[in-house]
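Q: The working numbering puts the last residue of the sequence shown at 194; the count rises by one with no breaks. Every residue gets a Cβ at the ideal spot worked out from N, C-alpha and C, and that includes glycine. So that we are looking at the same thing, I have put the structure below in structure tokens.
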Amino acid sequence: MFGLLLGLESPLLALHLLWINLVTDSLPAIALGLEPIEEGIMNRKPEKANKSLFADGLFGKILVEGCMIGLLTLLAFTIGNKFYGLAVGRAMAFVSLSMLELVHSFNIKNEESIFKMRILENPYLLGAFLLGAILQIGVVSISHLANIFDCVPLNSTQWLIVAIISICPIIIMEIQKKVNEIKFGKRIYSFQK
Numbered sequence: 002m003f004g005l006l007l008g009l010e011s012p013l014l015a016l017h018l019l020w021i022n023l024v025t026d027s028l029p030a031i032a033l034g035l036e037p038i039e040e041g042i043m044n045r046k047p048e049k050a051n052k053s054l055f056a057d058g059l060f061g062k063i064l065v066e067g068c069m070i071g072l073l074t075l076l077a078f079t080i081g082n083k084f085y086g087l088a089v090g091r092a093m094a095f096v097s098l099s100m101l102e103l104v105h106s107f108n109i110k111n112e113e114s115i116f117k118m119r120i121l122e123n124p125y126l127l128g129a130f131l132l133g134a135i136l137q138i139g140v141v142s143i144s145h146l147a148n149i150f151d152c153v154p155l156n157s158t159q160w161l162i163v164a165i166i167s168i169c170p171i172i173i174m175e176i177q178k179k180v181n182e183i184k185f186g187k188r189i190y191s192f193q194k
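Next comes the structure, spelled out in structure tokens:
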């Protein structure tokens, strides 16, 4: 919608959005639901009953993350559309949005820095990432599937642009996690022992 408001062609087709919702959103969500139980969780004090669901910066976190993924997808589309044409722009936006969602699933695993967390602790999340990435690459690279999704294959430069855009959430979220830690004196979801 924001792309259309900016006067751009539609960055994504309906089938692209359906694919993203069914594959790249569902697999990591299920895997995050299988996350191992945190140590000492039963020793934490309960939150106050009248505390807002969006307290301690959660509303800002949701806003930043939503805008980040939307703007990075529009960036991929704009680069592709401007330098390679509409079809490539759409393919780049499609792949970028899918990969952004998959990469971002590691950011939301917990409030620790991604460089401090044990990524291999949840093999389901790693499997969801790998399966989602393989499926997404296949949808764009295999000609029969690309025709169904109205995509064109990307060249190595276009894949490099998509890869760079796709890792941006790690940098942005690391900054946001540090700001929240400084501003609120703790991580958003951490509890007092």
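For a test of the three-state rule: what should DSSP assign to G81, helix, strand or coil?
A: For this step, residue 81 is matched to residue 80 along the sequence shown. The answer is helix: DSSP assigns G81 an H, G or I state.
Q: What is the DSSP secondary structure of N156, reduced to helix, strand or coil?
A: Residue numbering aside, residue 156 sits at position 155 when the sequence shown is read from its first letter. Of the three classes helix, strand and coil, the one that applies to N156 here is coil, per DSSP.
Q: What do you reckon, are the CB atoms on L13 and A94 nearer than 7 angstroms?
A: Stepping through the sequence shown from its first residue, residue 13 is reached at position 12. Stepping through the sequence shown from its first residue, residue 94 is reached at position 93. Their beta carbons are under 7 angstroms apart, which means L13 touches A94 by this criterion.
Q: Buried or exposed for T158, going by 16 or more other Cβ atoms inside 10 Å?
A: Residue numbering aside, residue 158 sits at position 157 when the sequence shown is read from its first letter. The residue in question, T158, is exposed, as its Cβ has fewer than 16 Cβ neighbours within 10 Å.
Q: Look up E178 in the DSSP assignment and say whether it is helix, strand or coil.
A: What you label residue 178 is simply residue 177 of the sequence shown in a count that begins at 1. The amino acid occupying residue 178 in the given sequence is Lys; Glu does not appear at that position. Note: K178 maps to helix in three-state DSSP.
Q: Of all the options I109, L103, I31, which has the alpha carbon lying nearest to the alpha carbon of I135?
A: One-based indexing of the sequence shown puts residue 135 at position 134. Of I109, L103, I31, the residue nearest in Cα terms is L103.
Q: What three-state label does DSSP hand R119 in the structure shown?
A: Residue 119 sits at position 118 when you count from the first residue of the sequence shown. Looking at R119 - three-state DSSP - the assignment turns out to be coil, as it is neither helix nor strand.
Q: Please classify L98 as buried or exposed, where buried requires at least 16 other C-beta atoms within 10 Å of its C-beta.
A: Residue 98 sits at position 97 when you count from the first residue of the sequence shown. Buried, because 16 or more other Cβ atoms sit within 10 Å of the Cβ of L98.
Q: Report yes if the CB atom of S106 is closer than 7 angstroms to the CB atom of P29, and no otherwise.
A: For the purposes of this step, residue 106 is identified with residue 105 of the sequence shown, where counting begins at 1. For the purposes of this step, residue 29 is identified with residue 28 of the sequence shown, where counting begins at 1. A contact, by the Cβ cut-off of 7 angstroms.
Q: Given this structure, state the Cα-to-Cα distance separating M69 from A164, to the nearest angstrom.
A: Translated into positions along the sequence shown, residue 69 becomes position 68. Translated into positions along the sequence shown, residue 164 becomes position 163. So the two alpha carbons sit approximately 15 angstroms from each other.
Q: Contact between the region 173-185 and the region 104-124: three or more CB pairs below 8 angstroms?
A: The region 173-185 vs the region 104-124: in contact.
Q: Is the number of C-beta pairs between the region 124-143 and the region 30-50 that are closer than 8 angstroms three or more?
A: Yes, since at least three Cβ pairs between the region 124-143 and the region 30-50 fall closer than 8 angstroms, the two stretches touch.
Q: Does L101 pass the burial test, meaning 16 or more other C-beta atoms within 10 Å, or should it be called exposed?
A: For this step, residue 101 is matched to residue 100 along the sequence shown. When all chains shown are included, L101 counts as buried.
Q: Tell me the rounded alpha-carbon separation between I168 and S11.
A: Position 167 of the sequence shown, counting from 1, holds the residue named residue 168. Position 10 of the sequence shown, counting from 1, holds the residue named residue 11. Approximately 24 angstroms between the Cα atoms of the pair.
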